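Number of protein chains: 2
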Amino acid sequence: MTVTLADVAARARVSPATVSRVLNGNYPVAASTRERVLRAVDELDYVLNGPASSLAAATSDLVGVLVNDIADPFFGIMASAAQGAIGEGAAGRGGGEKLAVVCNTGGSPARELTYLTLLQRQRAAAVILMGGSLEDPEHLTATAAKLARLAEAGTRVVLCGRPPVPGDANTAALVFDNRTGARQLTEHLLGLGHRRIGYAAGPADRTTTRHRLEGHRAALTAAGVPEGPTVRGAYDRQAGYEATAELLARDPDLTAIVAANDTVALGVCAALRDRGLDIPGDVSVAGFDDLPFSVDAVPALTTVRLPLHGAGVRAGRLAMGTEEPSAGGPETVPAELVVRGSTGRPRG
Amino acid sequence: MTVTLADVAARARVSPATVSRVLNGNYPVAASTRERVLRAVDELDYVLNGPASSLAAATSDLVGVLVNDIADPFFGIMASAAQGAIGEGAAGRGGGEKLAVVCNTGGSPARELTYLTLLQRQRAAAVILMGGSLEDPEHLTATAAKLARLAEAGTRVVLCGRPPVPGDANTAALVFDNRTGARQLTEHLLGLGHRRIGYAAGPADRTTTRHRLEGHRAALTAAGVPEGPTVRGAYDRQAGYEATAELLARDPDLTAIVAANDTVALGVCAALRDRGLDIPGDVSVAGFDDLPFSVDAVPALTTVRLPLHGAGVRAGRLAMGTEEPSAGGPETVPAELVVRGSTGRPRG
DNA sequence: TCCTCGATGGAAAGCGCTTTCTATCGCAGA
DNA sequence: TCTGCGATAGAAAGCGCTTTCCATCGAGGA
Numbered sequence: 000m001t002v003t004l005a006d007v008a009a010r011a012r013v014s015p016a017t018v019s020r021v022l023n024g025n026y027p028v029a030a031s032t033r034e035r036v037l038r039a040v041d042e043l044d045y046v047l048n049g050p051a052s053s054l055a056a057a058t059s060d061l062v063g064v065l066v067n068d069i070a071d072p073f074f075g076i077m078a079s080a081a082q083g084a085i086g087e088g089a090a091g092r093g094g095g096e097k098l099a100v101v102c103n104t105g106g107s108p109a110r111e112l113t114y115l116t117l118l119q120r121q122r123a124a125a126v127i128l129m130g131g132s133l134e135d136p137e138h139l140t141a142t143a144a145k146l147a148r149l150a151e152a153g154t155r156v157v158l159c160g161r162p163p164v165p166g167d168a169n170t171a172a173l174v175f176d177n178r179t180g181a182r183q184l185t186e187h188l189l190g191l192g193h194r195r196i197g198y199a200a201g202p203a204d205r206t207t208t209r210h211r212l213e214g215h216r217a218a219l220t221a222a223g224v225p226e227g228p229t230v231r232g233a234y235d236r237q238a239g240y241e242a243t244a245e246l247l248a249r250d251p252d253l254t255a256i257v258a259a260n261d262t263v264a265l266g267v268c269a270a271l272r273d274r275g276l277d278i279p280g281d282v283s284v285a286g287f288d289d290l291p292f293s294v295d296a297v298p299a300l301t302t303v304r305l306p307l308h309g310a311g312v313r314a315g316r317l318a319m320g321t322e323e324p325s326a327g328g329p330e331t332v333p334a335e336l337v338v339r340g341s342t343g344r345p346r347g
Numbered sequence: 000m001t002v003t004l005a006d007v008a009a010r011a012r013v014s015p016a017t018v019s020r021v022l023n024g025n026y027p028v029a030a031s032t033r034e035r036v037l038r039a040v041d042e043l044d045y046v047l048n049g050p051a052s053s054l055a056a057a058t059s060d061l062v063g064v065l066v067n068d069i070a071d072p073f074f075g076i077m078a079s080a081a082q083g084a085i086g087e088g089a090a091g092r093g094g095g096e097k098l099a100v101v102c103n104t105g106g107s108p109a110r111e112l113t114y115l116t117l118l119q120r121q122r123a124a125a126v127i128l129m130g131g132s133l134e135d136p137e138h139l140t141a142t143a144a145k146l147a148r149l150a151e152a153g154t155r156v157v158l159c160g161r162p163p164v165p166g167d168a169n170t171a172a173l174v175f176d177n178r179t180g181a182r183q184l185t186e187h188l189l190g191l192g193h194r195r196i197g198y199a200a201g202p203a204d205r206t207t208t209r210h211r212l213e214g215h216r217a218a219l220t221a222a223g224v225p226e227g228p229t230v231r232g233a234y235d236r237q238a239g240y241e242a243t244a245e246l247l248a249r250d251p252d253l254t255a256i257v258a259a260n261d262t263v264a265l266g267v268c269a270a271l272r273d274r275g276l277d278i279p280g281d282v283s284v285a286g287f288d289d290l291p292f293s294v295d296a297v298p299a300l301t302t303v304r305l306p307l308h309g310a311g312v313r314a315g316r317l318a319m320g321t322e323e324p325s326a327g328g329p330e331t332v333p334a335e336l337v338v339r340g341s342t343g344r345p346r347g
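Have a look at this one:
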């Protein structure tokens, strides 16, 4: 029925061992033999049995990329970059063809753990966790334990945009400098003269949410400006829309609103427009991430750029083992303020 | 070192066979025994060896979802929906925990084939191909052959947003009604009085591009209106930006531009704005897909809505086998015209 | 000319699980 | 009390590959 290694061996008049060696290319095989084997493979249209191979070799070519929301370009861009890096890495070396797959956790801790277990089952070669995580102690512990087991079993673990597990200095980690980015953004607003700034935050208990909020507050504190209203919501446009109403209700004299990210900012803009408020004339708006559509908003969004593509590539290479993690703990991915039309001086 | 089935069996004082049966739940095991086994599993923190299991059972729990561009929400939304459906399907049944993974082909035929092979290696339970495909005869043949082999090996194949392979009536297929959607869109423009309509098309040789263009032309032909300029480009914002310059150069009196999709439309809008043209006062703009950000464009984009989420869910269920494909060939997913502010009557 | 070593190829022992095929046990029917 | 059957559990044979020994064959070196 299905063609096996043995069939190929028989056709090429060699032993199964030789076929295996030709396919894996990690053992000297005479050129003529190799060619004969490859021809047989071709003629029989043979495809290696992955499970059998993984079982015998005790490794697999699967690389898992866990993301919080695959429908969000923030993750899409990083995942795409990582997948690209993993693909080209494979092309570079001889037989290391890796299957990079992305798994969508939907931000659910349970699904995250499930995927991690499934990946562990598959004896994945590497796992990349992208994006902030829930700050629930229980989940953190469970995740840390899972990652430790994975690492122990030989799976390379890479954290990308998620703080490193405390006490575990040896898994590669890329952390986004959300704090500094957020701080610069608020400083920019402060510099323009804003003193009443609302904040449309992301979901509670998420590292990304917390870090951005901390940066925001740090800027405020440093400038001696009192903190304005803050409301929390999901990382989507509707949350931004709703947050705006709430923010304005709490302080009708707001002159600026900082959003958890660009998507939320879009919702904020929509809400403002619907109330007949001008951006940035009446209220300035700022986002975060600098996703592709941000420049197309009207007015274009002031935001903080994160080198998502670059981070994804780096994560992919770390996962492939083609690049080594930096020696001194987690690497910081810098954030860069991008000023556009959605922020301006407050009226008055 | 690593815990195996045998270890669990020893601890629970049963045979490996029994442990396997408890884990797979497809054979009667006395409640007391089952409990003892489960406790042992828990105590030893046992995780099934996927490759071994797949090898012995000749099946795996992997479901591959191939998309053209994971950074594009068009695919992100569908993939997310499919993954959700596959996850919940697993929760519903007893042990059918499936690992839905998305693979990013980047629109490259070669990568598509590579992923298909890799999935075939893994003896994937199902494969979902999302989005239009390249219309190169050679690639079509190769893909069809690959899919046939997969199906033959027991992998369920689902096409979502891609035309069915000719001559293969038995793989499940969901086809988007791009033609009708595009036609309605252009009819809408025609109804508003537009007679000089430019078209910013997607990449050549792609089914999606062709179908949308055909619908557009059909509307034009039916109305006896001559076709305006058409330029092709990628499915991204920059392509739209550049296409606009070209379109306007070819016909400075254009009163409307139809874009291949919403992302391209955003680029068109940006280009128009940069030239000081009003939308829709000077030029009307229309997109396709109705991605989430379309409503946030200013003015909000007139577009054609495709039920991406629903299609993704359906594809996921077909892949799981929890829903049967419709009997009479491929299912058509309807497109719906959504009129918003970016289209209006031409001046004069 | 004999021996040693490098280059190749084969034999065979698993990798950890699933799944027949059997064996056992207890109880209902006769 | 004996037979038979349903319900469980175990034994053992692989699933298709990788990889560690070994065996073989020439070609130099002594």
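In order, the protein sequence lines correspond to chains X and V. Positions 0 to 347 (numbering that gives the first Met the number 0) are the ones given, in order, by the first sequence. Positions 0 to 347 (numbering that gives the first Met the number 0) are the ones given, in order, by the second sequence. Just so it is clear, CB atoms sit at the ideal spot from N, CA and C, and this is done for glycine as well. The structure displayed is predicted, hence computed values, not measured ones.
- Distance from the CA of A218 (chain X) to the CA of E226 (chain X), rounded to the nearest whole angstrom, comes to 10 Å.
- Shortest Cα-Cα distance from I127 (chain V) to any of V:E137, V:A80 and V:P165 involves V:A80.
- Residues of the same chain with their beta carbon placed closer than 7 Å to that of E151 (chain V) are lacking, with the five preceding and five following residues left out of the count.
- The beta carbon of C159 (chain X) does not come within 8 Å of any beta carbon belonging to chain V, so the residue lies off that interface.
- For S53 (chain X), the closest of X:Q119, X:G239, X:A233 and X:V156 by C-alpha to C-alpha distance is X:Q119.
- Distances from the alpha-carbon of R339 (chain X) to those of X:P345, X:T142, X:A8 and X:T301 put X:T301 closest.
- The beta carbon of R216 (chain X) sits closer than 7 Å to those of E226, all from its chain and outside the five residues before and after it, given in chain order.
- Within the segment 41 to 99 of chain V, the complete beta strand (DSSP E) segments of 3 residues or longer fall at 61 to 66, listed in chain order.
- Of all residues in the segment 95 to 116 of chain V, only E96, L98, A99, V100, V101, C102, N103, G105, R110, T113, Y114 and T116 come within less than 8 Å of chain X when Cβ atoms are compared, listed by chain position.
- Three or more Cβ pairs drawn from the segment 255 to 269 of chain V and the segment 281 to 293 of chain V lie within less than 8 Å of each other, which places the two stretches in contact.
- Distance from the CA of V303 (chain V) to the CA of L189 (chain V), rounded to the nearest whole angstrom, comes to 15 Å.
- Within the DSSP bridge table, the entry for R20 (chain X) names no partner.
- Scanning its chain for C-beta atoms nearer than 6 Å, with the 5 sequence neighbours on each side dropped, one finds around Y26 (chain V) the residues R20, in chain order.
- Taking 8 Å as the threshold, the shortest C-beta distance from S53 (chain X) to chain V falls below it.
- Take the alpha-carbon of N103 (chain V) and the one of N67 (chain V): they are about 6 Å apart.
- One alpha carbon belongs to K145 (chain V), the other to R33 (chain X), and they sit about 25 Å apart.
- In this structure, DSSP gives N103 (chain X) an extended state, which the three-state scheme calls strand.
- Annotated three-state conformation of D288 (chain V) is strand, per DSSP.
- Among the CB atoms of chain V, one or more fall inside 8 Å of the CB of V46 (chain X).
- Close CB contacts of E42 (chain V) within its chain, under the 8 Å cut and outside five residues either way in sequence, are with R10 (chain order).
- DSSP, reduced to helix, strand and coil, places V36 (chain V) within a helical segment of the structure shown.
- The shortest CA-to-CA distance from G86 (chain X) to any of X:P291, X:R178 and X:G311 is the one to X:G311.
- Under the Cβ distance rule, V2 (chain V) does not count among the residues neighbouring chain X, no pair being separated by less than 8 Å.
- The C-beta separation of V7 (chain X) from V18 (chain X) comes to about 5 Å, placing the pair in contact by the 8 Å criterion.
- L265 (chain X) belongs to the set of residues whose beta carbon lies under 8 Å from a beta carbon in chain V.
- When V:L212, V:P50, V:A123 and V:L112 are compared, the shortest CA-CA separation from Q183 (chain V) is found for V:L212.
- The closest CA to that of A56 (chain X), considering only V:P251, V:F292 and V:N48, is found on V:N48.
- Three or more Cβ pairs drawn from the segment 268 to 284 of chain V and the segment 226 to 243 of chain V lie within less than 8 Å of each other, which places the two stretches in contact.
- Chain X has a Cβ within less than 8 Å of the Cβ of R236 (chain V).
- Listed along chain V, the residues sitting closer than 8 Å to R122 (chain X) by beta-carbon distance are N48, G49 and P50.
- Residues of the segment 271 to 305 of chain V with a C-beta less than 8 Å from any C-beta of chain X: R272, P291, F292, V294, D295, A296 and V297, listed in chain order.
- Residue environment: A16 (chain X) is assigned as exposed (fewer than 16 neighbouring CB atoms within 10 Å of its CB, all protein chains considered).
- Here the segment 157 to 175 of chain V lies against the segment 129 to 147 of chain V, with 3 or more beta-carbon pairs under 8 Å apart.
- Cβ proximity to chain V below 8 Å picks out S59, D60, L61, G63, D68, I69, A70, D71 and P72 from the segment 58 to 73 of chain X.
- When 7 Å is used as the limit between beta carbons, A152 (chain V) is near these residues of chain X: T1, in chain order.
- Interface criterion met: the Cβ of S79 (chain V) is under 8 Å from a Cβ in chain X.
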